[in-house]
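Enquirer:
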Ligand SMILES: Nc1ncnc2c1ncn2[C@@H]1O[C@H](COP(=O)(O)OP(=O)(O)OP(=O)(O)O)[C@@H](O)[C@H]1O
Ligand SMILES: [Mg+2]
């Protein structure tokens, strides 16, 4: 805003108005100075407030960073501890399994010799049947120990695949033959459905057989008399190899489907109480499928049945010509 110079004031205004005009100007200036002072005070107060807020934000930030660092250190230490404990457990299991298997093999071998009366007849029939019981129990215990050893090996990353060209149809036939008697005694029918011209796959024959035996033995254990078990193998539309064992058994409650794939988890029911088992079959099948680069899916409905599907990746599927020249 432009101001009139004093000369013009004195020139344009009458002489007697000048002091009043000056007094007015002085009051206005004083008012402006006070307003300016008040604005400056307010600005200073706000700056101080801002400074304090900034300071406390910085402190909170530093505390937060410190807490994140501490928490990360605690979590890393806990993870290392858990890993070390898991490794120690797996090592312990692997050693113990070895220690247990050696005498167990002697028990199985000698009881078999006695049962078959290889060294001469036994005078008392009861002794022969005891020898048979010792032999059967020994074999069962060996199965449990072998499963434990396998779980320990897989957890310790020490399980290896021995890969070869596998005829899955033949593996299914072998597994169903091995459990034929068990299925017959349980009053169950076992059917096999193989896609025509089923290709061979590249995999570990023994471990694929182990998967099938575990799934079949579950299906036999958990299906009522006159039930049906179906083992099938086919290629999916996307070219993956699909192996499935389905039964018309008791089924698994939906909330327990994930849990039973973890070691030592069993569904509490009359069946699991009246059957042998330690809850290692399904986790082993899952781990063995994953070692092949595949996966396992369990579908089940209470009272209707269960279907466990093992999918193996396309890269394991062999063209028939390829399989012929490799085998
Ligand atoms: N086909 C099935 N039908 C119904 N329940 C099943 C079936 N398969 C598994 N289960 C349930 O899942 C549990 C875990 O199965 P898993 O094969 O791991 O152990 P298990 O058969 O009890 O013992 P193991 O296999 O070590 O001899 C079983 O105890 C049972 O409760
Ligand atoms: Mg089982």
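In the numbering used here, the protein residues as written are 278 to 604. We treat Cβ as the ideally placed atom computed from N, Cα and C, and that holds for glycine.
Kindly give me the distance between the Cβ atoms of residue 504 and residue 525, rounded to whole angstroms, as I take these residues to be in contact under 8 Å.
Expert: 4 Å
Enquirer: Note down the Cα distance separating residue 560 from residue 399, rounded to an integer number of angstroms.
Expert: 43 Å
Enquirer: So, does the stretch 486-504 touch the stretch 558-578, judging by three or more C-beta pairs under 8 Å?
Expert: yes
Enquirer: Between which two residues does the alpha helix (DSSP H) holding residue 409 run?
Expert: 402-432
Enquirer: Between the Cα of residue 614 and the Cα atoms of 520, 523, 545, which residue gives the shortest distance?
Expert: Because the chain spans 278 through 604 in this model, residue 614 falls outside it and cannot be assessed.
Enquirer: Answer with buried or exposed for residue 284, where buried requires no fewer than 16 other C-beta atoms within 10 angstroms of its C-beta.
Expert: The predicted position of residue 284 is uncertain, since its pLDDT is 49 and thus under 50; a value taken from the coordinates is nonetheless stated next. An exposed status is given to residue 284, since fewer than 16 other beta-carbon atoms sit within 10 Å of its beta-carbon.
Enquirer: Determine the burial state of residue 495: buried for a count of at least 16 other Cβ atoms within 10 Å of its Cβ, exposed for fewer.
Expert: Here residue 495 is buried, its C-beta having at least 16 other C-beta atoms within 10 Å.
Enquirer: Could you tell me the alpha carbon to alpha carbon distance between residue 480 and residue 405, rounded to whole angstroms?
Expert: 42 Å
Enquirer: Could you pull the start and end residues of the alpha helix (DSSP H) that residue 524 belongs to?
Expert: Element bounds for residue 524: not the alpha helix (DSSP H) but the beta strand (DSSP E), 518-524.
Enquirer: Straight-line CA distance for residue 446 to residue 570?
Expert: 20 Å
Enquirer: In chain order, what residues of the same chain lie with their CB nearer than 8 Å to the CB of residue 420, ignoring the 5 residues before and after it?
Expert: Sequence-distant partners of residue 420 (beyond 5 residues in either direction) whose C-beta falls short of 8 Å from its own C-beta are missing from its chain.
Enquirer: As an exercise, report each continuous alpha helix (DSSP H) stretch of at least 4 residues that is fully enclosed by the stretch 537-590, in chain order.
Expert: Within the stretch 537-590, the complete alpha helix (DSSP H) runs of at least 4 residues are 547-551, 558-568.
Enquirer: Give me the Cα-Cα distance between residue 530 and residue 558, rounded to the nearest whole angstrom.
Expert: Cα-Cα distance, rounded: 18 Å.
Enquirer: Could you give the residue range of the beta strand (DSSP E) that holds residue 506?
Expert: 505-512 is the span of the beta strand (DSSP E), which, as asked, contains residue 506.
Enquirer: Apply the 10 Å Cβ neighbour rule to residue 439 and answer buried if 16 or more other Cβ atoms are within range, or exposed otherwise.
Expert: Its Cβ having fewer than 16 others within 10 Å, residue 439 is exposed.
Enquirer: When you measure from the CB of residue 494 to every non-hydrogen atom of ligand 2, does any distance come out below 8 Å?
Expert: yes
Enquirer: Taking DSSP as the reference, what is the three-state secondary structure of residue 337?
Expert: helix
Enquirer: Work out the CA separation of residue 455 and residue 477 for me, nearest whole Å.
Expert: 21 Å
Enquirer: I'd like to know whether the C-beta atoms of residue 433 and residue 471 end up nearer to each other than 9 Å.
Expert: Not in contact: residue 433 and residue 471 (Cβ atoms no closer than 9 Å).
Enquirer: For residue 594, which residues of its own chain have a beta-carbon under 6 Å away from its beta-carbon, when the five flanking residues on both sides are left out?
Expert: The residues are 476, 478, 518.
Enquirer: Note the first and the last residue of the continuous beta strand (DSSP E) segment covering residue 471.
Expert: 466-471
Enquirer: Taking the beta carbon of residue 589 as the centre, do at least 16 other beta carbons fall within 10 Å, making it buried, or is it exposed?
Expert: Buried is the call here.
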